[in-house]
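Sequence order for the protein chains is A and B. Each residue of the first sequence is one higher than the last, beginning at 1 in the numbering used here. Each residue of the second sequence is one higher than the last, beginning at 1001 in the numbering used here. Okay, so here's the structure we're looking at.
Number of protein chains: 2
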Amino acid sequence: MRTLKSWLAAGAAFALSAVASGASAEEGMWTFDAAPVAQINAELDTHVDQAWLDKVRLGAVRISGCSASLVSSEGLVLTNQHCVRSCAQTFSTPERDVVREGFFTTGREDERVCAGQTAEILLEIVDVTPRVSGAAAGKTGQAFVKARDAEIGLIEKEGCGTDAKLRCQVISLHRGGQYKLYKYRKYADVRLVYAPEAQAVVFGGDPDNFNFPRYALDAAFLRVYEDGKPAKTPNHLKWNPRAPKPGEPTFVAGNPGSTSRLKTVAQLDAERDWMLPATIKRLSELRGRLIRYAEESDDHRRQTRDALRGVENNLKRAYGMHQALATTSFMDAKRTEEAKFRAQVAADPALAATGDPWGEIAALQDDVAVLLPRYEQLETQAGQGSALYGYARTLVRAAQEKTKPNGERLLDYTEARLPLAEKRTLDPRRIEPELETLYLAFWLNKTREALGTDAPSVQTMLGKESPEAMAARMVAATKLGDPAVRAALWAGGLDAITASDDPLIQFVLKTDADARAARAAWEERVEGPTDRAAERLALARFKVYGDRVYPDATGSLRLSYGRIAGWKDGDREVAPTTNVAGLYERATGAAPFDLSAKFAERKAQLDPATIFTVATTNDIIGGNSGSPLIDAKGEVIGAVFDGNLPSLGGAYGYDGTTNRTVAVSAAMVQQALLKLYGQDHLVKELNAK
Amino acid sequence: MRTLKSWLAAGAAFALSAVASGASAEEGMWTFDAAPVAQINAELDTHVDQAWLDKVRLGAVRISGCSASLVSSEGLVLTNQHCVRSCAQTFSTPERDVVREGFFTTGREDERVCAGQTAEILLEIVDVTPRVSGAAAGKTGQAFVKARDAEIGLIEKEGCGTDAKLRCQVISLHRGGQYKLYKYRKYADVRLVYAPEAQAVVFGGDPDNFNFPRYALDAAFLRVYEDGKPAKTPNHLKWNPRAPKPGEPTFVAGNPGSTSRLKTVAQLDAERDWMLPATIKRLSELRGRLIRYAEESDDHRRQTRDALRGVENNLKRAYGMHQALATTSFMDAKRTEEAKFRAQVAADPALAATGDPWGEIAALQDDVAVLLPRYEQLETQAGQGSALYGYARTLVRAAQEKTKPNGERLLDYTEARLPLAEKRTLDPRRIEPELETLYLAFWLNKTREALGTDAPSVQTMLGKESPEAMAARMVAATKLGDPAVRAALWAGGLDAITASDDPLIQFVLKTDADARAARAAWEERVEGPTDRAAERLALARFKVYGDRVYPDATGSLRLSYGRIAGWKDGDREVAPTTNVAGLYERATGAAPFDLSAKFAERKAQLDPATIFTVATTNDIIGGNSGSPLIDAKGEVIGAVFDGNLPSLGGAYGYDGTTNRTVAVSAAMVQQALLKLYGQDHLVKELNAK
């Protein structure tokens, strides 16, 4: 792990300043209503202004778990191949391995709907902190969570009404210090336009993932549709396939998923000691099962193209995050920052009077350790990737929750959020029964392992069956793979659900009370008290540091600024760019360092000097995948698809000397469209005036 | 995990007193030359004396990685089935799944030699501390390690000469405070006599492993031979198949493998943050690969019976150890103990003058983190279970080391130790090529993952091949599965090795320099300085606490004392014994809770009241498997095969309120021999006057 040496070498020099003392240069995932424009322009010598920000915001797109951007006036959306891989996987059949072969079109009639996919463009941000805080005032534990979520559900409903073109979402920022209503233009018809052959994207495989130099053609195109036609999108960003220049300013507008930079040291200790090890253990075993499964046949390999890569990516991320927290100098810096912040709070009588939120949070961590296995296995990780289980749970919960008033529902089933759940459940998609069985058996096994054979919830779940037999039986007999069956159950409501003899529906009906109890216990003893304490920390932070602090990532639109730059990995200087020639030098012919068919075949057609990928100092995290890499003029010069290994520690703190964003250049994407895949029509559209 | 709640509940009440303040009641893995006889007799109301100790010592047997005992005058040895499983596995063929079916005999002619197995009985302990310390005086880093090991090699050679019936081994105790020469009577012809059908042993599978109540018939018999005939063993222990009684005193004489109770807090932090997570990650993925491999066919399941169970056991152990170190109250207790010890040392001018060994050790932990991946992947974990790779490495290193003087060799290749390496390499054993390929590919993959694709040692190893292709190629072409080929290479020495075109020999020749360099770096920067500091800690501990401290486990003979007792798991009282009726109640018919064929078929022949397993307060750890459970009279009333989940934390500290040893009763073993397997001849031998 090259990461580690860098961290250890960096030692106490760590720039973890966001923890308590305001962001340092090039650090930060800033909301668009609080971007540090003066600071950006001073540091980068740029001319960012409100118009620039608005333009970029309206060109930035959120898709499921990823980021993207509008790059033509007819709804063309740039993102990563790995962000559309699960869509391409659903088109893949034993006869045609779409992920391996790539997805190409000759015209719009070839574009195909991605199941469950939406595209969202941020229109407006409204501060709703007083409403949410007011509704939850004086409450603690689960009562706090419920009151807060009820108000959020109400605000979201009021904000967008029943307009199917809008989505309203209340985002909690600063770990509870602020609540903002994000209003999005929503497209629910999103189609796949282009995804290159897999090996062009995963060249270097897991070994090169989160590394640099990197040779991954990780770009793809979607298109948003409206009323069955390509949507008009005049607010798109300009595509600029020029060579990126080392040192030039770069911006990333995207949706970083989650960071933990504002968490207390006690919370980080618990992540290092309980959360991450459990994740590493679970994903490592799943990875092992999937690797062997893939090796069994070409068709198994086809089935796992999306799944295995996803598991490996998440595992590598979790291990990298763990290594950051395991590094003494890293945690020492965190402790120093926290001590400084505590001293500043103690010195302010008004703040000091609000008690000891650090101590309160520390006291909760034993409960975190005890409650986590139940909460994860029964609730957050339930089904472990089984689409069929996901359908069953959503159908059962939607039916149950719809019988309740909006303010008493689980948040994801409130009126404003139900359309997304419905779309994800009812959109047709291909199911792979063998893989479903593997996932379900794995999850049932791990649940028994984590909770113990004799736990009542495990007895309820398994009865006298083995995990393997139960998984095989349920997958063989369920009809939930049929979208019409799902639609009928959705429409039929609780009567249809309780009358269903589908084994997965029955399984969820039997086990969901335990899952809800696990969630309730977590909310009462962990989430509620943590969020109440974190709220006070946020307010203290605002008072002490003002607007120099940015909120932790929350899967909502953020702006990061930086430059194209290499870094020093120990003694080795890492150059900021790669080119096509480098790919051919790195290729060995043996997986995963084998060239894709097209790269092998058309070497002579490519310009060896074309810049393939770039490293930048932008501060990003998982969820930023697919974000446009934007230059000072607001034009798209690449697609962000990764960070380097040190950037994994970015979950907890940004170190500008080593953390790097990795993007594929627009120049390379365009060259591939033309020279490798004959997608001239897309190039034409991208470059239309 | 039931462990966790117990730990958290126990809180600061932890009896981690061995850390610095002397052992508490029933704690301790005592050497036979320093057993606390007075304390034992006072606490248990027993009459242990030197004669009792000598008798038990001469009846106790060390086998590879496990413990055992002599139980007849004709060389019959009691141990666990899981300690002979790898032997039975080597007899297993596609036609006959010996582990699944069990191994039974009608007479001694059916007994079969276990490849690589030896049995050792401790004859004498001699203090050689002055010699070892003197030889290493004034040296540091790798020079210290080399000087120490050279002296150890010399002492071992002088101690036993060339007598093939003896083995001499210098054991480092108290992490370097003492060196003792252990002189063993060695039997190199060890044969399998009896191993029950696997499902009778692994009932409950991984879920029940390290749990209690437990229904595992985990006992087996070996026999030691001399000159081709059963050895005369008049010093055997008396077999007593009576019902064990709750509360009665029990002793365990066996070879606990490794504990870390005397390590400093900085070392424990590194175990929690670096060593154990790496192990958990590696073993989890291997487990996943093996599980899926086993599911592919009956023959794959047969091949993995030993391997999968072993991996799961080690993984569960590592995770349990990690959970102990992740528990705040546990580490708080460790910190308190260390602070107390440091204060006592600081108060003693002579001790204080020896510097700050705790600080020195803490300063080494960054190097531990950096050097560990190379050291593990290239040296200690090399080959990850591949027998063929193990042969190749031993053959290459033996050939290289034999050209050097004894004092300059790697310790395992010194004259006193070569016979064991030779036996393990040359004994015939069945090889499973598919499984070998899986192991090798896995190891090559993990090595690339841990060190990085571009690391020179990885480039040397893989060249332009993929791990999978390289593993398949080497396993297909190697001839090292043939014992005659191995014997010829062993006899041929370095000339034969360098002339060999065997791909595995060539692979080791090409890569071993990097492995040796990783070892050298570890010795120079971690092992040497750690051991030098630990030595001073040991001497300080002796001075402050006298003989109230016992050494950490080192795979050498120890005595533990305790009682048959249940415990409280949270609110639940766990009874100290189980009986046959309980097995039938727990059986569900679904794996792994399905009855073995014989248990299913012969239920009516068994006495439901027979005590199946017992829990005791004895302080044990992995390596103690197979130890005799001995009563106050020195008679064998069971075979130790496991601990409960809290006992996994026993690697770092003993908590008498929850740590439990688990043993199968001699009564149950005898009933199974008679009623299930028709092994009346063994029962007769066991009960001979």
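C-beta: ideal position from N, C-alpha, C; glycine also.
Using a threshold of 8 Å, state whether the C-beta atoms of residue i and residue j are closer than that.
i: P1196 of chain B; j: L1217 of chain B; result: yes
i: N211 of chain A; j: N313 of chain A; result: no
i: S556 of chain A; j: S67 of chain A; result: no
i: T1118 of chain B; j: L1411 of chain B; result: no
i: F1104 of chain B; j: A1088 of chain B; result: no
i: S1665 of chain B; j: T1613 of chain B; result: yes
i: L971 of chain B; j: F1593 of chain B; result: Because chain B spans 1001 through 1689 in this model, residue 971 of chain B falls outside it and cannot be assessed.
i: A1035 of chain B; j: L1058 of chain B; result: no
i: R289 of chain A; j: G1310 of chain B; result: no
i: V1084 of chain B; j: A1220 of chain B; result: yes
i: N579 of chain A; j: A609 of chain A; result: yes
i: A1540 of chain B; j: V1224 of chain B; result: no
i: Y1184 of chain B; j: E1120 of chain B; result: yes
i: L1395 of chain B; j: W1490 of chain B; result: yes
i: L1388 of chain B; j: T1478 of chain B; result: yes
From residue i to residue j, what does the alpha carbon distance come to, in whole angstroms?
i: M474 of chain A; j: G385 of chain A; result: 15 Å
i: M461 of chain A; j: T511 of chain A; result: 6 Å
i: I1505 of chain B; j: R1393 of chain B; result: 7 Å
i: I621 of chain A; j: S64 of chain A; result: 15 Å
i: I1431 of chain B; j: A1188 of chain B; result: 21 Å
i: Y1179 of chain B; j: A1515 of chain B; result: 28 Å
i: G1643 of chain B; j: L1673 of chain B; result: 24 Å
i: A663 of chain A; j: R112 of chain A; result: 26 Å
i: R1305 of chain B; j: A1487 of chain B; result: 28 Å
i: S625 of chain A; j: A1369 of chain B; result: 30 Å
i: F14 of chain A; j: D655 of chain A; result: Low local confidence applies: a pLDDT of 41 at F14 of chain A is under 50, so the model's placement there is unreliable, and no value is given.
i: V128 of chain A; j: L181 of chain A; result: 6 Å
i: Y550 of chain A; j: T425 of chain A; result: 35 Å
i: R1691 of chain B; j: S1133 of chain B; result: Past the edges of chain B, shown from 1001 to 1689, lies residue 1691 of chain B, and the structure says nothing about it.
i: L1371 of chain B; j: T336 of chain A; result: 27 Å
i: R536 of chain A; j: T327 of chain A; result: 29 Å
i: Y652 of chain A; j: D356 of chain A; result: 22 Å
i: D1552 of chain B; j: M1029 of chain B; result: 8 Å
i: G1153 of chain B; j: Q1377 of chain B; result: 26 Å
Assuming residue i contacts residue j (C-beta within less than 8 Å), just tell me the rounded distance between them.
i: K1281 of chain B; j: S329 of chain A; result: Actually they do not touch by this definition, with Cβ atoms about 22 Å apart.
i: K1446 of chain B; j: G1116 of chain B; result: No, K1446 of chain B and G1116 of chain B are not in contact; Cβ-Cβ is about 25 Å, not under 8 Å.
i: E757 of chain A; j: K238 of chain A; result: Outside the shown range of chain A (1 to 689) lies residue 757 of chain A, about which nothing can therefore be said.
i: P1234 of chain B; j: G1623 of chain B; result: Rounded, the Cβ-Cβ distance is 27 Å, inconsistent with contact.
i: D1299 of chain B; j: P1094 of chain B; result: 5 Å
i: M1668 of chain B; j: I1611 of chain B; result: 7 Å
For residue i, is the beta carbon positioned less than 7 Å from some heavy atom of the ligand SAM?
i: A1632 of chain B; result: Absent from the structure shown: the ligand SAM. Ligands present: none.
Q. Going along the stretch 274–289 of chain A in order, which residues come within less than 7 Å of chain B, judged by CB to CB distance?
A. W274, P277, I280, K281, S284, E285, L286, R287, G288 and R289
**Q.** Continuous beta strand (DSSP E) assignments of at least 3 residues falling wholly in the stretch 1101–1188 of chain B
**A.** 1119–1127, 1166–1173 and 1178–1187
Q) At a Cβ cut of 7 Å, what residues of the stretch 1416–1445 of chain B count as close to chain A, listed as they run along the chain? A) Within the stretch 1416–1445 of chain B, no residue has a Cβ lying closer than 7 Å to any Cβ of chain A.
Q: Report the residue ranges of all beta strand (DSSP E) runs contained in full by the stretch 479–540 of chain A; include only those spanning at least 3 residues, in chain order.
A: Qualifying beta strand (DSSP E) stretches: none in this window.
(Q) Taking beta-carbon pairs under 8 Å, can you tell me which members of the stretch 1565–1592 of chain B lie near chain A? (A) T1588, G1589, A1590, A1591 and P1592
(Q) Beta carbons nearer than 8 Å to chain B: which residues of the stretch 190–212 of chain A have them? (A) Flagged, chain order: G204, D206, P207, D208 and N211.
Q: Identify each residue in the stretch 1499–1526 of chain B for which the Cβ-Cβ distance to at least one residue of chain A is less than 9 Å, and report them in chain order.
A: none
Q) Closer than 7 Å, Cβ to any Cβ of chain A: which residues of the stretch 1463–1486 of chain B, in chain order? A) K1464, E1465, S1466 and A1469
Q) Using Cβ-Cβ distances below 9 Å, what residues of the stretch 39–50 of chain A are close to chain B? A) none
Q) Listed in chain order, which residues of the stretch 1355–1385 of chain B have Cβ atoms closer than 8 Å to some Cβ of chain A? A) Q1365, D1366, A1369, V1370 and P1373
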